Structures are given as C-alpha cells and as structure tokens.
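Protein chains: 4
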Amino acid sequence: MIISIDKSKSNGVIDALGAASSRSGASIRVIDWNDGSLSVNVLGQIEPDALSHPAITAVHQASKPYRLASKEHREKTVVRVGDVEIGAGNPVIMAGPCVVSDLDQLVNAAEAVKAAGAIILRGGAFKPRTSPYSFQGLGEEGLQMLAGARAATGLPVVTEVMEPEQVEITAEYADMLQIGARNMANFPLLRKVGKTRKPVLLKRGFSATIDEWLMSAEYILSEGNSQVVLCERGIRTFDNSLRFNLDLNAIPFLKELTHLPVVVDPSHGTGKRSLVGPMALAGIAAGADGLIVESEPNPDSAKCDASQTIEPAELAAITRKAMAISALLNVEELLPI
Amino acid sequence: MIISIDKSKSNGVIDALGAASSRSGASIRVIDWNDGSLSVNVLGQIEPDALSHPAITAVHQASKPYRLASKEHREKTVVRVGDVEIGAGNPVIMAGPCVVSDLDQLVNAAEAVKAAGAIILRGGAFKPRTSPYSFQGLGEEGLQMLAGARAATGLPVVTEVMEPEQVEITAEYADMLQIGARNMANFPLLRKVGKTRKPVLLKRGFSATIDEWLMSAEYILSEGNSQVVLCERGIRTFDNSLRFNLDLNAIPFLKELTHLPVVVDPSHGTGKRSLVGPMALAGIAAGADGLIVESEPNPDSAKCDASQTIEPAELAAITRKAMAISALLNVEELLPI
Amino acid sequence: MIISIDKSKSNGVIDALGAASSRSGASIRVIDWNDGSLSVNVLGQIEPDALSHPAITAVHQASKPYRLASKEHREKTVVRVGDVEIGAGNPVIMAGPCVVSDLDQLVNAAEAVKAAGAIILRGGAFKPRTSPYSFQGLGEEGLQMLAGARAATGLPVVTEVMEPEQVEITAEYADMLQIGARNMANFPLLRKVGKTRKPVLLKRGFSATIDEWLMSAEYILSEGNSQVVLCERGIRTFDNSLRFNLDLNAIPFLKELTHLPVVVDPSHGTGKRSLVGPMALAGIAAGADGLIVESEPNPDSAKCDASQTIEPAELAAITRKAMAISALLNVEELLPI
Amino acid sequence: MIISIDKSKSNGVIDALGAASSRSGASIRVIDWNDGSLSVNVLGQIEPDALSHPAITAVHQASKPYRLASKEHREKTVVRVGDVEIGAGNPVIMAGPCVVSDLDQLVNAAEAVKAAGAIILRGGAFKPRTSPYSFQGLGEEGLQMLAGARAATGLPVVTEVMEPEQVEITAEYADMLQIGARNMANFPLLRKVGKTRKPVLLKRGFSATIDEWLMSAEYILSEGNSQVVLCERGIRTFDNSLRFNLDLNAIPFLKELTHLPVVVDPSHGTGKRSLVGPMALAGIAAGADGLIVESEPNPDSAKCDASQTIEPAELAAITRKAMAISALLNVEELLPI
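Chains as they are written, first to last, in numbering that gives the first Met the number 0: chain A, 0 to 336; chain B, 0 to 336; chain C, 0 to 336; chain D, 0 to 336.
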C-alpha cells in the first residue's frame with residue numbers, strides 16, 4: 000500500500016501510521032518527493048481506520064480490500080443449490096414469476112419454466128416496494144407455496160430475504176437466499192445470511208462499485224458461508240430511457256477479481272420485455288455462469304413487473320441459444336484463419 | 000394521470016385499466032391519437048401495480064406518488080427533538096464525533112460543540128462500515144455514553160439505527176433516530192421507526208431520486224409517525240474527485256414538494272474537511288433548516304472519518320455565519336436599488 | 000403530445016400554445032383535471048421553443064423528437080463503405096491502430112488486421128487529447144499514410160475528423176468519417192459532414208442519452224447525408240473501476256428506435272485489453288452490426304491506448320467467434336425443447 | 000508520480016519507463032512488493048503516452064496533470080472584461096436574455112438587468128441546440144445587436160462562440176468569449192480562443208471531471224491567453240427530476256486547485272426558475288466570484304429557456320442578497336462565542 004501525504008500537514012501522521020503498522024505486523028518506508036508531498040510505503044496490512052487522517056491525500060492499494068472474495072484466496076468456487084451446480088460450466092437458468100400470489104398459478108409457472116429449460120425456480124414472498132401502498136408479498140404463506148412448487152416440479156427455489164428476522168424462516172423453506180439490490184449494504188442482514196449454510200444470491204446495489212459489491216460478499220464469507228453467487232442486475236446512470244442499465248462489463252471484470260460465480264438478471268437490468276432476450280445472450284457471451292429471468296404464462300397479467308416478464312416460449316429460445324453460445328465460447332479453434 | 004399505450008399491443012389493457020380504476024373509484028377516458036398510440040386519462044387514484052402492462056409505454060403522473068409527505072397534504076411541519084424545534088426558523092446545528100468510543104472524550108466533545116453553537120449532539124453507536132474488518136461501533140455501550148453526554152450537557156441526542164431489532168433499544172436512549180443513507184430503502188426498518196413516536200432523521204440514499212426519498216418518508220409517515228426530518232448527505236456522480244457530491248439543488252426543490260424540514264450534512268456530503276465550511280454556508284443560503292456536522296477536539300485523531308471532521312473553533316465560525324445568512328435571507332429589502 | 004400545465008400560472012399559456020400549434024397546422028384540446036392542473040393534447044407537430052413556458056410542468060411526447068432517424072421514417076438502412084456493407088447481415092469488423100505515426104508500421108498493422116478478419120481499417124490522423132501536452136496526431140500526413148495502407152491492402156479507411164475545417168481534406172483521403180464521442184454535440188461539425196456524401200461513424204457522447212444521440216444523427220440526416228452508422232463506445236457512470244462502461248443495452252434498444260446500423264467499440268468502451276474480447280462477443284450477441292477494435296502487432300509499444308489495444312491473433316479469435324454467434328442468432332430453432 | 004505494475008506482465012515496461020523518463024530529465028526508482036506487484040517512483044515529469052502500457056495497473060499522480068492552471072503556478076488571477084474585474088472581491092453579476100432576437104428588446108433587457116445590478120450583459124448570437132429544427136440564433140446580426148446594447152448601456156458583453164471559424168468575428172464584437180458546456184472538450188476551439196487576447200468564460204462540460212475541466216483551461220492558457228474564468232453550470236447525474244444538478248462542491252474545491260476565478264450559472268444549472276434565486280445565493284456562499292443569470296422583462300415570452308429565465312425584479316433581490324452574503328463571508332468575527 001502506498002499512502003500519499005501533504006507534507007505541510009504531516010505533523011504526527013508518520014508516527015501514527017508507524018504505530019498502526021507495527022500493531023498489525025507491517026513495516027513502513029517514507030519517501031520525500033521534494034514537491035511538498037511524502038509517500039509512505041506500507042509492506043503488509045494496516046487497519047483501515049488509520050487511513051483517514053486529513054494529511055493523507057490518497058491511498059493506493061497494492062492489494063484489494065477484500066481477502067476471502069479475491070482470486071488470490073481461491074481460484075474457483077462452485078455453488079450447489081439442491082442438485083444444481085452454479086459455476087461448473089453450463090449456464091444455469093433460474094426463472095419464475097416476480098411475486099408469488101397463488102399456489103396453482105405458481106406450480107403452473109414452475110412447470111412452464113422447467114419445460115423451457117430453467118433448473119432453479121425464482122419467486123418473491125417478501126417484496127421490497129418503493130411505495131408503501133404497493134403489494135408487499137405474502138410472506139410465509141408465499142414461502143409455503145414455493146415449497147409446494149418445488150415438491151411438484153423438483154426445482155430448487157431461490158427467494159429474497161429482506162431483514163435479519165426473516166432469515167431463519169426463509170432458510171427453512173428456500174434452497175437459496177437472495178439479497179436484493181436495495182439490501183446489498185444492509186450489513187446486519189449480510190452477517191445473518193453469512194451465519195447460515197444456505198447458498199446466497201447477492202445482487203449488486205444499483206449504485207455500488209465492483210469493490211463495494213465484493214466487500215459485501217466479504218461480509219458473508221467472513222461469517223463462514225462460502226456459497227455466494229454474485230448477480231448483476233443493472234446500475235443507475237444518467238440515462239433514464241431504461242429503468243436500469245445492465246452492466247455487462249462487470250462480468251469479465253469480476254472473473255479477473257474473484258472466484259465466485261456470476262449470473263445476470265436481464266429482467267430487472269433493463270425493465271423492458273423486448274430487451275430481455277438480447278441482453279441475456281449478451282450476458283452469456285460476456286462469460287456469465289447463468290441467468291435469472293422473470294417468466295410466467297400470461298405475463299401481461301403478472302401481479303408485478305409485467306413489463307419485464309417474458310413468456311416461457313421466449314425463455315425456451317433464450318435457453319437454447321445461451322447453451323449454444325456458451326459451448327461456442329469454449330471451442331478453441333472454430334475455423335482456420 | 001395519463002397513460003400512454005402502444006395500440007398494436009393494447010388488447011385487454013383498456014379493460015384492465017378500467018377495472019382497476021373502478022376498484023379505486025376512479026374513472027377513465029381514452030384518446031386515439033391516430034399515430035399508433037392511445038392515451039388513457041385517469042381521473043382519481045389507480046393501484047400502482049396496474050401500471051406495468053407491457054403495452055403501457057409511459058405513465059405521466061399528474062399528481063405525485065407520495066401523499067402524506069406532499070405539500071398538498073400539509074403546509075409545514077416543525078419537528079421537536081427534546082426542546083429543540085427543527086423547521087421553525089433559526090437553523091439548527093447538530094454536531095459531534097463520527098463514532099462514540101469513550102465517555103470522557105464524548106462528554107468533552109459534546110461540551111466543545113455546545114460551546115460552538117450546536118444544540119443537538121450526534122454520534123454513532125451502531126456503525127455501517129463497507130469493510131467487515133473496520134470498527135463497527137460499541138452498540139448499547141455507545142448508547143449509554145450518549146445518554147451520559149446528554150446528562151452532562153443537556154443536549155438531545157441523534158444516533159443511527161441500522162436494523163429493526165435495534166430500534167427499541169436505541170429509542171430508549173436517543174432523542175432522535177437516524178436512518179443512514181445505505182438504509183434509506185430498508186423498508187422493514189422504515190416501518191419499524193414509523194411505529195415509534197421518536198423523531199427520525201432520514202438521510203438520502205446516495206443514488207436515490209427525490210421521489211424515492213419522499214416515498215421512504217411516506218413509509219414512516221404512513222405508520223403514524225409525523226416527525227421526519229430529511230437530510231441531504233451527498234450523492235454519487237461520475238466525478239469521484241470527492242467522496243460524494245452534496246446536492247444542494249435538493250434543498251429548494253424539496254421546499255416546493257414537501258412540508259418536512261430539510262437539513263444538510265456537509266461532512267459526509269463532501270468527505271473533505273476544507274469543504275465543510277463553504278458547503279455548510281451554501282446549504283443555509285439554499286434554504287436548509289439546519290446542519291449536521293462531524294466535529295470534535297483533535298479531529299486528526301478521530302476514530303473514523305478524520306478527513307471530514309472539523310475542529311470546534313471552525314464549527315463556531317460556521318454557526319455564526321450560518322445564523323447571519325439565515326437572518327439575511329428573511330430580510331425583504333436589504334438595500335435600495 | 001400531451002402538455003401538463005400548472006393551472007395557477009397558466010395565464011396566457013393556452014393561447015400561446017394554440018397560436019404555436021396553428022402556425023404548424025396542429026390542433027389542441029384542453030382537459031381540466033380539477034386538481035390544479037390542466038392538460039393540453041396537441042394533435043400534430045409544435046415548435047420545440049413553445050414548450051419552455053414556466054407554467055408547463057411536463058411534456059409527454061407521443062412521438063419522438065427525431066424524424067429522419069426514426070424507424071417510422073424508414074425500416075432499415077445499409078451503409079456502404081467502399082465495397083463493404085454495414086447493416087446487411089454479417090458483422091463488419093473494423094480494426095487498426097489508435098493513431099497513425101509511420102507508414103511501414105501502418106501497412107504492417109493493416110495487413111495483420113486484414114488477415115485477422117477486419118474488412119475496414121481504422122486509424123487516427125487527428126487526435127483529440129485531454130492534455131495539450133499529449134501527441135495530437137500527424138494531421139494530413141497521417142491521412143496520406145492511411146491512403147497508402149488502403150492502396151497496399153484494399154481495405155477502406157475510417158478516420159476521425161475534429162473540426163469543420165478538416166472535413167474537406169479528410170473526405171479526400173478517407174472512405175468513412177468518424178465523429179468522436181467528444182464531438183457528438185458539435186453541431187457545426189455534424190452539419191458539415193452532413194453536407195458531404197461520405198458515410199459517417201457517429202460515436203455516442205459518453206454522457207449522451209439515446210435521444211440526444213439520435214438527435215445528433217438527425218443533424219447529419221437533415222443535411223441530406225443518409226449514410227450514418229451509430230457507434231456505442233462506453234458511457235460514464237459512478238463506477239470508475241474501468242475507464243468507461245460499454246452500454247450494450249443501447250444496441251437492442253436502438254434496433255427498436257432507428258433504421259441506422261449500430262456497431263460497438265469494446266476498446267474505448269472498457270479501456271482494458273482483457274475485457275475487449277468478452278465485450279466484443281457480448282456486443283454481437285446483443286445484436287450489433289459490427290465491431291471497431293484497436294489492434295496492431297506489438298500492442299505494448301502502441302503510441303497511444305496501449306492498455307486497450309489487442310494483438311491480431313486475439314482479433315482473429317474474436318472475429319471467428321463473432322461470426323459464429325451472429326449466425327447462431329439467426330437460427331430459428333436450434334434444438335428441440 | 001507512482002506507477003503500479005503487474006510483475007507477471009512487466010517484461011520491458013521498466014526499461015520503457017526508464018527511457019521515457021530520461022527523455023524528459025526525470026529519474027525512476029523501482030520497488031518490489033513481493034506480492035506480484037512492482038512500483039516505479041518517478042521523480043520529475045514523464046510523457047503521458049508512456050503510461051498506457053497494459054502491465055501498468057494504476058498511476059498515482061503526486062502532482063496534477065495541469066501546470067499553468069494550477070495554484071502552484073500562480074496564486075490568483077483577476078480577469079478584466081471591459082472595466083469589470085472578475086475575481087477581485089465583489090461578486091460580478093452577468094445577466095441578460097438566453098438568445099438575441101431583436102435590438103429594441105435587447106436594449107430594453109440590458110437596461111433592466113443593469114438597473115438590477117448586472118455589470119456584464121450576456122446573450123446568445125450563435126446557439127447550440129439539441130434539435131436541428133430549433134431556432135439556432137441570428138449569428139453576426141445578433142453580434143451587432145449585442146454591440147448596440149453595449150453602446151446603449153455601457154455594459155461589456157459576453158457571448159458564446161461555437162466553432163473555430165466564428166472566433167474572429169465574435170471577438171470583433173464581444174468583450175468576452177464563452178465556450179459552452181458541449182464544447183468544453185472541443186480542443187481546436189479552445190486553441191483558437193487561446194490565440195486571441197479576449198477573456199474567456201469556460202463552462203464545465205456536464206459530465207466533465209474537475210481535472211478534465213482544468214485541462215481544457217490549460218489548452219487556452221498554453222496558447223498564451225491567461226484570461227480564463229471557469230463557470231459551473233450543472234452536471235448530469237442519475238437524478239433527472241431537474242434538467243441538471245448545479246455542482247457547488249466544485250466552487251470551494253477549485254479554489255484549492257486553481258488561481259482562476261469561478262462563477263456559477265444557476266439558470267442552466269437547475270433549469271427551473273424557482274430554484275435560480277436560492278442556488279445563486281448558495282453559490283456565492285460557497286465562494287463563487289460571480290453569477291451568470293438568464294433574465295429579461297416578460298420571461299414567459301422568452302424565445303428560449305423561458306422556464307429558467309427570471310424577471311429583473313428577482314435579479315435585483317438576488318444581487319442585493321449576494322452582495323450582503325459576500326461581505327459577510329469576509330468578516331472574521333461576527334459575534335463573540
């Protein structure tokens with residue numbers, strides 16, 4: 000780590016950094032640049048809180064702030080959800096309705112997305128809604144319906160958990176716990192799911208940097224739960240012509256930084272039904288380990304997110320093409336030059 | 000409300016909107032534009048979930064999605080914290096250390112900021128930190144220290160609450176509950192503080208729109224707690240030369256939309272000690288009802304946020320100038336032309 | 000078009016809108032919502048300048064502000080650059096060095112990218128640089144080298160033009176004129192290239208909305224030049240871990256809005272060599288009509304943009320896989336369900 | 000400057016940096032961190048183009064990329080426009096209509112804003128418009144009207160210049176040349192105004208970082224024109240509830256980085272008439288050297304930007320309060336503690 004310091008305000012800071020470094024077994028070396036600035040090179044780790052002294056003008060991390068999530072810690076993680084492996088090779092398709100509201104409809108939807116190639120069922124029992132006047136989900140009754148749909152189809156189930164108190168009950172019914180975008184920095188919730196041994200689908204906050212996202216994964220990993228899948232679901236930019244901007248750059252970039260599997264949510268990532276297919280395939284071409292898609296029969300009458308929910312027939316076409324693109328990426332030599 | 004519809008996909012949507020409108024006592028009128036689009040004018044309220052049909056290309060809200068937070072509902076709210084009134088006229092200065100770590104130091108800091116003009120004490124007992132390896136606050140022990148500092152100085156206390164389970168214990172000790180930026184859309188937490196009768200300081204999420212912020216206030220108000228103060232604390236933009244960008248446009252804009260008081264946090268809003276003073280005064284000039292500032296003696300050795308913490312002497316200068324600017328704004332005719 | 004009006008300030012505005020509408024042959028209809036707001040429905044076009052009256056609280060465009068660029072004007076445009084057709088089916092690969100600095104090196108690079116599957120040569124003679132102290136390109140001497148490389152390889156040439164005065168000389172040498180991201184809203188330059196009959200590669204400004212981008216295309220089209228190709232090259236977001244964020248959502252979205260071909264620049268779009276391949280393939284999977292890539296032998300010693308320039312061998316692999324993905328997208332039924 | 004290097008790809012890069020450094024008289028020192036990374040410390044300047052080698056993972060600038068614009072080069076610049084000094088102490092008010100369309104109206108507006116305290120007249124002759132179908136300004140005829148209004152009122156005149164070819168004719172009529180936000184990175188235009196000896200008002204691009212803005216100033220300064228005033232006019236963020244977000248953080252931040260005066264445009268910066276006053280005063284409180292405001296009699300009928308144009312009576316109130324706030328900022332001790 001290299002710490003840049005304004006020499007005119009540096010009184011005491013070198014000593015403080017030296018003390019903090021020696022507490023964690025690191026050593027420091029100071030360079031005077033003769034232009035009013037100093038650098039302190041730290042060999043080893045230093046407490047993050049030591050770095051906010053106002054004489055410090057910049058901190059350049061030679062190594063990343065996360066440890067357990069980094070590729071240096073581990074080369075590759077395969078996450079198991081029921082019998083399904085995420086990160087093992089073939090893209091994993093997760094699909095289902097936005098929200099769970101009726102058992103028959105849910106079983107019907109689960110059978111339809113299974114026939115279309117999905118191998119994990121998604122569906123919301125607890126729903127975070129911007130308006131207090133919108134439908135907020137059925138809660139435990141919804142969880143029971145999800146378990147019913149699993150029994151009927153054999154598909155393992157992923158569903159969102161919104162607060163620490165819901166973790167236990169949700170873990171009883173679900174095979175994978177989803178942390179939604181709005182809760183990516185809900186640290187008590189991250190710690191709580193980190194204490195379970197359920198796999199976690201960690202969605203990216205819509206204005207979270209890559210480093211912040213991996214630090215949230217670090218919260219879960221540091222509690223002992225190694226089964227984390229990252230899910231890119233669209234960021235917020237200046238351009239509001241779509242609800243969100245699916246950030247596919249994150250996929251290959253994460254593959255360089257972390258051993259955790261990465262999947263893509265083109266439904267929330269665009270908010271627009273006609274873009275789900277092209278962006279799903281683009282996500283696979285960028286290297287994603289899977290997709291999570293809102294799909295159910297009669298999407299026009301979906302209880303929420305109708306504008307981004309696709310028909311199972313379209314999901315089937317996406318699945319076929321996604322498998323073909325994924326296979327093609329792994330072929331070394333397709334054609335002679 | 001005006002709903003725009005793609006005529007080619009409109010099969011069934013008009014009927015569905017009609018049904019949803021009549022359920023809530025509204026009526027609709029349809030216009031055919033002869034260019035492939037229809038408009039549906041809705042007189043009255045309609046369920047938000049009815050608006051996500053994919054044939055709907057745009058929804059133009061004649062009225063705002065929030066009700067209790069809007070200026071149409073109420074002209075002006077004054078929030079009482081202990082004996083202090085926020086929104087009653089004079090700017091209210093809240094100040095104190097980032098985090099509470101020692102009772103003597105805290106009492107010392109509280110006395111110093113009181114002498115500098117602060118009338119509410121701030122300080123963190125539960126701290127949301129990006130890294131799981133950073134200091135996370137003392138929890139209830141910190142709350143006890145805050146109560147001790149109140150006893151010593153008479154200043155009412157505001158402190159952050161991070162999860163629903165902490166609300167009860169925090170409300171026992173604190174005079175005002177702070178919802179931090181990362182929790183602005185933590186809906187279970189909003190509902191929980193809405194169920195108390197403690198005043199709430201609701202910080203803006205750093206990528207929340209004005210409407211989303213007011214919808215979060217609506218969650219609290221709709222539970223029966225009318226004592227909400229909004230706090231602008233910096234948004235995230237493309238420009239990372241500062242940690243955040245304090246968005247002062249929000250101040251006069253909120254004054255047109257809501258009856259709730261609005262304060263400014265120039266410490267987190269800039270992340271840089273030398274900018275705290277100018278941006279604090281700019282916030283008052285823009286019409287803010289108060290300031291919340293990180294300040295303590297010996298800020299260089301602050302346990303966190305040292306780079307944005309100011310000395311009490313600087314806080315005193317800010318207080319004096321803030322009072323003068325506020326007085327000046329209310330003078331109708333300062334000089335003849 | 001639907002115009003929302005604040006009734007309390009509406010004095011005169013209805014008359015003004017009526018007058019403006021009748022000047023352009025449109026008619027208006029007024030709705031009173033009984034909630035303090037009025038709506039004016041405009042059937043037909045109205046002058047844009049009539050819409051900035053302060054009583055107007057919102058304007059909802061039933062139709063888009065661009066005309067010639069819209070899909071309603073035309074279903075599909077194929078742009079010809081020399082013998083190459085962009086938008087006709089197969090993805091078009093454009094490649095070459097960032098900047099032109101030496102004829103032998105350029106011919107060498109052109110031969111290498113041609114062997115790797117490129118069918119248009121790119122290279123900069125006029126270079127926009129953030130710093131006045133960076134290398135600014137060779138100007139006309141660079142254009143002559145590009146013409147030399149075309150003579151040697153048969154590849155048509157695309158190169159950037161930075162100001163109206165350079166258009167004539169550049170059009171003498173080049174087969175396609177590039178408008179760079181920083182000049183997307185340089186309206187005099189757009190008009191000038193619109194007056195030529197050379198095809199134009201119009202890069203997206205890095206903070207331009209989709210509508211603004213199409214309005215810039217409209218400037219070129221309205222001067223009579225119909226040969227415009229849009230190029231997504233990365234937008235600026237809050238996340239600066241990469242230089243830019245390639246916005247692939249724009250590809251399928253533009254396909255719904257405009258008849259113009261769309262290509263992707265994964266080199267500038269990410270700024271990072273290791274991401275060029277995955278994002279190039281993702282762009283093709285999203286539906287792009289082609290790629291423009293910085294590539295040359297010995298990219299480590301490239302005179303600029305070395306960190307995003309790839310070797311011709313990697314370009315060859317990208318080309319093969321891009322062709323395969325493109326073919327696959329057009330297959331209706333790949334596998335039985 | 001500290002350059003971080005990925006050791007596994009570092010082949011040749013140390014030698015290349017050494018060669019580039021010695022070409023510019025700098026020296027280097029290499030540190031091996033024993034974690035797979037190297038650092039190269041450069042004492043002195045190095046060519047920017049040497050820094051894009053792909054083995055370079057980060058560049059930490061000890062000093063800023065601009066020189067002439069930096070505070071190290073010069074402590075303070077006062078810019079003279081006619082008899083007016085910008086940056087000398089009192090805030091300078093510039094005001095006038097958005098666009099010039101009629102001599103009598105312009106003289107009338109100029110007299111009104113002069114009576115309201117403005118000491119420089121603004122008005123557009125060449126207008127950059129997003130739509131090719133909007134009114135584009137009168138060109139030279141507009142410049143003649145501005146000269147007429149100056150003759151009638153004695154106010155010096157600032158007006159925008161959009162392309163290099165317009166610089167000469169505009170400099171004949173105007174006292175100060177404005178570079179608009181869309182042209183902040185139009186480098187040929189910056190060079191051209193840098194070759195004149197007219198003062199320049201350099202608006203910030205709406206997605207330009209502070210460093211990029213100062214680099215654009217550097218283009219002008221490096222041509223020998225030292226008379227540059229920076230103008231903050233709103234940036235683009237995720238929040239589109241206003242047209243732009245006036246970024247007042249830039250004011251005190253620039254005061255630390257540069258000797259150039261800084262003014263604020265609350266009209267374009269918010270796009271909303273009712274916010275112009277509060278944000279103008281906030282700008283002065285943040286330390287701005289002046290304001291540029293769209294104002295004319297009967298703003299509702301302004302030919303463009305009516306929604307952000309204020310009446311001269313409101314401008315007069317802003318001027319009075321701005322003067323009072325500015326005076327107050329300079330008072331050391333307002334009240335005893």
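All C-beta atoms in this analysis are idealised placements derived from N, C-alpha and C, irrespective of residue type, glycine included.
Treat the numbers as computed from the prediction; the structure is a model and nothing was measured.
| Query | Result |
| --- | --- |
| Contained alpha helix (DSSP H) runs [length at least 4] in the segment 199–231 of chain A, N- to C-terminal order | 209–221 |
| Inter-residue Cα distance where the pair is D238(D) and I13(D) | 44 Å |
| Classification of K75(A) by the beta-carbon crowding that lies within 10 angstroms, buried from 16 upward | exposed |
| K320(A) beta carbon near the ligand GDP (any heavy atom closer than 6 Å) | As far as ligands go, the structure on display features none, and thus does not contain the ligand GDP. |
| Three or more C-beta pairs below 8 Å linking the segment 87–107 of chain A and the segment 116–128 of chain A | yes |
| Segments of 4+ residues assigned as alpha helix (DSSP H) that fall wholly inside the segment 267–318 of chain D | 272–284 |
| C-beta atoms of S240(B) and I209(D) nearer than 7 Å | yes |
| Proximal residues of chain C, C-beta to C-beta of A161(D) below 9 Å | It is worth fixing the name first, because residue 161(D) is Met in this sequence and not Ala. In chain order: N185, F186 and P187. |
| Residue-level contact to chain B via CB, A285(A), 7 Å cutoff | no |
| Segment contact, 8 Å Cβ cut-off, at least three pairs: the segment 263–280 of chain D with the segment 218–238 of chain D | yes |
| Neighbouring residues, chain B, relative to S221(A) (Cβ below 7 Å) | P131 |
| L15(B), enclosing alpha helix (DSSP H) - first and last residue | One detail in the question is off: residue 15(B) reads as Ala in this sequence, not Leu. V12 to R22 is the span of the alpha helix (DSSP H), which, as asked, contains A15(B). |
| E293(A): contacting residues in chain C (beta-carbon distance under 8 Å) | Correct list: empty, because the minimum Cβ distance to chain C is about 17 Å. |
| Span of the alpha helix (DSSP H) around L192(D) | Note that residue 192(D) corresponds to Val in the displayed sequence, not to Leu. Here the alpha helix (DSSP H) through V192(D) covers F186 to K194. |
| Residues that G95(B) bridges to, as DSSP identifies them | E293(B) |
| Three-way DSSP call (helix, strand, coil) for R121(A) in this model | strand |
| Segment contact flag, the segment 2–13 of chain B with the segment 33–47 of chain B, C-beta cutoff 8 Å, min 3 pairs | yes |
| Against chain E: residues of the segment 22–35 of chain C by CB proximity under 8 Å | As a matter of chain content, chain E is missing from the structure shown, whose protein chains are A, B, C and D. |
| Short-range partners of chain B found in the segment 216–241 of chain C, where Cβ spacing is below 8 Å | R235, T236, F237 and N239 |
| contact_flag[the segment 298–312 of chain A, the segment 271–286 of chain C] where n(CB pairs < 8 Å) is 3 or more | no |
| Euclidean distance between Cα positions of N248(C) and V263(A) | 13 Å |
| Beta-carbon proximity list for K9(C), same chain, < 7 Å, skipping 5 on both sides | Looking at the sequence shown, residue 9(C) is not Lys but Ser. Once the five neighbours on either side are set aside, the close Cβ partners of S9(C) are L37 and A54. |
| Neighbourhood of Q165(C) by C-beta distance below 7 Å, restricted to the same chain and skipping five residues each side | F125 |
| DSSP three-state assignment for E167(C), whether helix, strand or coil | helix |
| Residues near L142(B) in its chain [Cβ-Cβ closer than 6 Å; skip 5 each side] | A124 and Y172 |
| Unbroken beta strand (DSSP E) run spanning L259(B), endpoints | Unbroken run through L259(B): none, as it is neither H nor E. |
| Own chain, CB closer than 7 Å to S225(A), minus 5 neighbours either side, in chain order | T76 |
| Close Cβ partners of L145(B) (< 8 Å) along its chain, the five nearest in sequence each way excluded | V99, L105, L120, G122, A124, V156, T158, Y172 and A173 |
| Neighbourhood of H52(A) by C-beta distance below 6 Å, restricted to the same chain and skipping five residues each side | V12 |
| Beta-carbon spacing of L201(B), Y65(B) below 7 Å | no |
| Chain-order list of residues whose beta-carbon lies under 7 Å from that of P335(C) (same chain, five-residue window excluded) | For P335(C), the predicted structure reports a pLDDT of 43, less than 50, and the residue's modelled location is therefore unreliable. The matter cannot be settled from this model. |
| Buried or exposed by the 16-neighbour rule on C-beta atoms within 10 Å, applied to S23(D) | exposed |
| Simplified DSSP state of L327(A), which is helix, strand or coil | helix |
| Buried versus exposed call for A19(B) [16 or more other C-beta atoms within 10 Å across all chains shown] | buried |
| Reduced DSSP secondary structure (H/G/I, E/B, other) of N248(A) | coil |
| Chain C contacts from the segment 195–216 of chain D (Cβ-Cβ distance under 7 Å) | F205, S206, E211 and M214 |
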